[in-house]
Amino acid sequence: MRKIIITGGRPLKGEIPVSGAKNSVVALIPAMILADEPITLDGVPDLSDVANLVEMLSLLGVKVNRQQESLTADPSGLVNRPIPPEMISQLRASYYFYGSLLGRFGYAKVGLPGGCDLGPRPIDLHLKAFEALGAQVTYEGDHMILSTGGRRLQGAHIFMDTVSVGATINTMIAASLAQGRTVIENSAREPEIIDVAILLNNMGARIRGAGTAVITIDGVERLGGTRHQVIPDRIEAGSYIALAAAVGEGICVTNVLYEHLESFIAKLEEMGVRMIVKEDAVFVEKQEALRAVDISTSPYPGFATDLQQPLTPLLLKAQGRGKIKDTIYEKRVNHVPELARMGAEISTLGGQIIYTGGKPLSGAEVRATDLRAGLALITAALMADGQTVITDIEHILRGYSNIIEKLQALGADITLVDE
Ligand code: EPZ
Numbered sequence: 003m004r005k006i007i008i009t010g011g012r013p014l015k016g017e018i019p020v021s022g023a024k025n026s027v028v029a030l031i032p033a034m035i036l037a038d039e040p041i042t043l044d045g046v047p048d049l050s051d052v053a054n055l056v057e058m059l060s061l062l063g064v065k066v067n068r069q070q071e072s073l074t075a076d077p078s079g080l081v082n083r084p085i086p087p088e089m090i091s092q093l094r095a096s097y098y099f100y101g102s103l104l105g106r107f108g109y110a111k112v113g114l115p116g117g118c119d120l121g122p123r124p125i126d127l128h129l130k131a132f133e134a135l136g137a138q139v140t141y142e143g144d145h146m147i148l149s150t151g152g153r154r155l156q157g158a159h160i161f162m163d164t165v166s167v168g169a170t171i172n173t174m175i176a177a178s179l180a181q182g183r184t185v186i187e188n189s190a191r192e193p194e195i196i197d198v199a200i201l202l203n204n205m206g207a208r209i210r211g212a213g214t215a216v217i218t219i220d221g222v223e224r225l226g227g228t229r230h231q232v233i234p235d236r237i238e239a240g241s242y243i244a245l246a247a248a249v250g251e252g253i254c255v256t257n258v259l260y261e262h263l264e265s266f267i268a269k270l271e272e273m274g275v276r277m278i279v280k281e282d283a284v285f286v287e288k289q290e291a292l293r294a295v296d297i298s299t300s301p302y303p304g305f306a307t308d309l310q311q312p313l314t315p316l317l318l319k320a321q322g323r324g325k326i327k328d329t330i331y332e333k334r335v336n337h338v339p340e341l342a343r344m345g346a347e348i349s350t351l352g353g354q355i356i357y358t359g360g361k362p363l364s365g366a367e368v369r370a371t372d373l374r375a376g377l378a379l380i381t382a383a384l385m386a387d388g389q390t391v392i393t394d395i396e397h398i399l400r401g402y403s404n405i406i407e408k409l410q411a412l413g414a415d416i417t418l419v420d421e
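Numbering of the sequence shown is given in the numbering used here, commencing with residue 3 and proceeding in unit increments.
Next comes the structure, spelled out in structure tokens:
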């Protein structure tokens, strides 16, 4: 089993680059198969999620060529085969193949999805949208079948009961080749949604309003090839800015789109974090006294649920008490007992996290229960005295490309061991 071993307390400085956005590229790759010509993505991060999606493309007979951070796929010879459950359950975002297979062929047979340990993660909003577009959903063993019965998807007016990133993107993907107009109301507004809309429009789709709460898609007959640069990963950026403030003595986080992090940076400023925001980088100085603050997550442009865990170690460094409420995933608290094992004064009470900052952390054996919890443990381990051993680290490697090398370049004493 692979583990990460960290000896904390070392001053870190230098530059850490942010890679392409995981939550964009896991939708861009399935969306590519809507086209009947080759498509190239630039700035693709080196993640196991990407490798799994490329495996699914190969299963579907799509030729894929990877050159460093570029990925070219030629979907012209695509064969619409069932995607088996064991492949689908490697990552929840494989559900974007439902939208693209349905959009292009009117038929998809896919295993049922899995995903992180963040509590139940339904896909009812996705299925409701597909049904509104004219698909029937049936089940055959551990596969789900989406079928239009040979007819073309029909545009529809869809109101999302809950703001959902995945359902918004999946509906946009399926509706791009539908007959007529689709309007999505109460759509999510995340930057990754805009990134997918830009790719689709450059393939020939007609999507307006991505990034707002109402998205209009006028279906077209076919989609062609293009080249697309993946946006930087705002969650990786926020994770490293928080890490830099917690243990850095002058760290520049590069390839950052400031406008994707406004609510996060506002919170850091409320804590008293000193940083210099540049055009595409954030320089974080060595911090002096920090103030504890309260966090309440909400859909974009609010404070991202994915950043409450990575920010927590920095909060534990601040003077005072605070509380963290994740309004999107109430159960996103599995990092709390792990941090407590390192000496943190943190616990959950009535669906929220309460903490008292200022307590020194000590190294311990801890477990990465999910992707962003794992990053929080890495930051805490870099802050702590002594050695920390982190297990279940596959979660971390799913979302943070080359994280060991990136942190070693800052001077961190961090190694990946295979025991
Ligand atoms: C995306 O997940 C991200 N993943 C998540 O990041 C992120 O935490 C989440 O959006 C919220 O911002 C990817 O983009 C691959 P949702 P997604 O649909 O799309 C409920 C990470 O760490 N819901 O916006 O699955 C759902 O239970 C990951 O990178 C339904 O009820 O999230 C949740 O409470 C973790 N029915 C809320 O909506 C549905 O059909 C928001 O979920 C779909 C969602």
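Glycine included, C-beta positions come from ideal geometry on N, C-alpha and C.
Keep in mind it's a predicted model, so treat the numbers as computed, not measured.
Identity of the residues DSSP links to residue i by a beta bridge
{"i": "Gly-113", "result": "His-145"}
{"i": "Gly-324", "result": "Tyr-357"}
{"i": "Val-391", "result": "Ile-7, Glu-367"}
{"i": "Met-162", "result": "Answer is none; Met-162 lacks a bridge partner."}
{"i": "His-397", "result": "None; His-397 has no bridge partner."}
{"i": "Leu-73", "result": "Leu-43, Arg-68"}
{"i": "Gly-1", "result": "Shown here, the chain extends from 3 to 421; a query on residue 1 therefore has no answer."}
{"i": "Ser-298", "result": "Lys-327"}
{"i": "Ile-90", "result": "Answer by DSSP bridge pairing: none, since Ile-90 is not bridged."}
{"i": "Arg-191", "result": "Answer is none; Arg-191 lacks a bridge partner."}
{"i": "Thr-207", "result": "For the record, residue 207 in the displayed sequence is Ala; it is not Thr. BP columns for Ala-207 are empty, so no partner."}
{"i": "Ile-217", "result": "Ile-186"}
{"i": "Asp-415", "result": "Thr-9"}
{"i": "Gly-250", "result": "Leu-14"}
Span separating the alpha-carbon of residue i from that of residue j
{"i": "Glu-238", "j": "Gly-152", "result": "42 Å"}
{"i": "Leu-61", "j": "Arg-224", "result": "23 Å"}
{"i": "Asn-188", "j": "Val-139", "result": "23 Å"}
{"i": "Lys-24", "j": "Ser-50", "result": "10 Å"}
{"i": "Phe-305", "j": "Gly-79", "result": "42 Å"}
{"i": "Asp-126", "j": "Gln-231", "result": "31 Å"}
{"i": "Gly-324", "j": "Phe-132", "result": "42 Å"}
{"i": "Asp-144", "j": "Thr-74", "result": "31 Å"}
{"i": "Met-344", "j": "Gly-226", "result": "53 Å"}
{"i": "Pro-87", "j": "Val-64", "result": "19 Å"}
{"i": "Tyr-141", "j": "Asn-172", "result": "19 Å"}
{"i": "Leu-30", "j": "Gly-401", "result": "16 Å"}
{"i": "Thr-150", "j": "Ile-297", "result": "44 Å"}
{"i": "Ser-403", "j": "Ala-382", "result": "19 Å"}
{"i": "Ala-110", "j": "Met-174", "result": "16 Å"}
{"i": "His-262", "j": "Pro-303", "result": "8 Å"}
{"i": "His-159", "j": "Arg-183", "result": "8 Å"}
{"i": "Gln-311", "j": "His-337", "result": "7 Å"}
{"i": "Ser-364", "j": "Gly-10", "result": "9 Å"}
{"i": "Ala-244", "j": "Asn-82", "result": "43 Å"}
{"i": "Ile-186", "j": "Ile-405", "result": "37 Å"}
{"i": "Val-56", "j": "Val-66", "result": "7 Å"}
Any non-hydrogen atom of the ligand NAP closer than 7 Å to residue i Cβ
{"i": "Ala-169", "result": "The model on display carries the ligand EPZ but not the ligand NAP."}
Residue i - DSSP class collapsed to helix/strand/coil
{"i": "Ile-406", "result": "helix"}
{"i": "Phe-305", "result": "coil"}
{"i": "Val-368", "result": "strand"}
{"i": "Lys-15", "result": "strand"}
{"i": "Asn-82", "result": "coil"}
{"i": "Ala-342", "result": "helix"}
{"i": "Val-258", "result": "coil"}
{"i": "Asp-126", "result": "helix"}
{"i": "Glu-347", "result": "strand"}
{"i": "Asp-420", "result": "strand"}
{"i": "Ala-137", "result": "coil"}
{"i": "Val-27", "result": "helix"}
{"i": "Leu-270", "result": "helix"}
{"i": "Gln-310", "result": "helix"}
Cut-off 7 Å between Cβ atoms - residues of its own chain near residue i, not counting five sequence neighbours on either side
{"i": "Val-391", "result": "Lys-5, Ile-7, Glu-367"}
{"i": "Met-273", "result": "Leu-292, Arg-293, Val-295, Ala-320"}
{"i": "Met-58", "result": "Ile-85, Met-89, Ser-96, Phe-99"}
{"i": "Arg-276", "result": "Glu-287, Gln-289"}
{"i": "Gly-213", "result": "Arg-191, Ile-195, Ile-196"}
{"i": "Ala-453", "result": "With the chain running from 3 to 421 in the structure shown, residue 453 is simply not present."}
{"i": "Ser-166", "result": "Leu-127, Ala-190"}
{"i": "Met-146", "result": "Val-112, Leu-114, Val-139"}
{"i": "Phe-107", "result": "Asn-82"}
{"i": "Gln-156", "result": "Leu-135, Gly-136, Ala-180, Gln-181, Gly-182"}
Close-in-space but distant-in-sequence residues of the same chain around residue i (CB under 6 Å, 5 per side omitted)
{"i": "Leu-259", "result": "Pro-234"}
{"i": "Asn-203", "result": "Ile-209"}
{"i": "Thr-218", "result": "Val-185, Arg-210, Gly-211"}
Proximal residues to residue i (C-beta, below 8 Å), its chain only, five neighbours per side dropped
{"i": "Val-222", "result": "Ser-178, Leu-179, Gly-206, Ala-207, Arg-208"}
{"i": "Thr-393", "result": "Met-3, Lys-5, Glu-367, Val-368, Arg-369, Ala-370"}
{"i": "Val-20", "result": "Pro-234, Asp-235, Glu-238, Ala-239, Tyr-242, Val-255, Thr-256, Asn-257, Val-258"}
Contact between the stretch 350-358 and the stretch 372-382 is defined here as three or more beta-carbon pairs at a separation below 8 Å; is this criterion met? Taking 8 Å as the limit for Cβ pairs, the verdict is that the stretch 372-382 does not touch the stretch 350-358.
Three-pair Cβ contact test at 8 Å for the stretch 195-209 versus the stretch 257-266: No contact exists between the stretch 195-209 and the stretch 257-266.
Can we say the stretch 412-419 touches the stretch 20-36, given the rule of at least three CB pairs closer than 8 Å? Flag = no, the stretch 412-419 and the stretch 20-36 do not touch.
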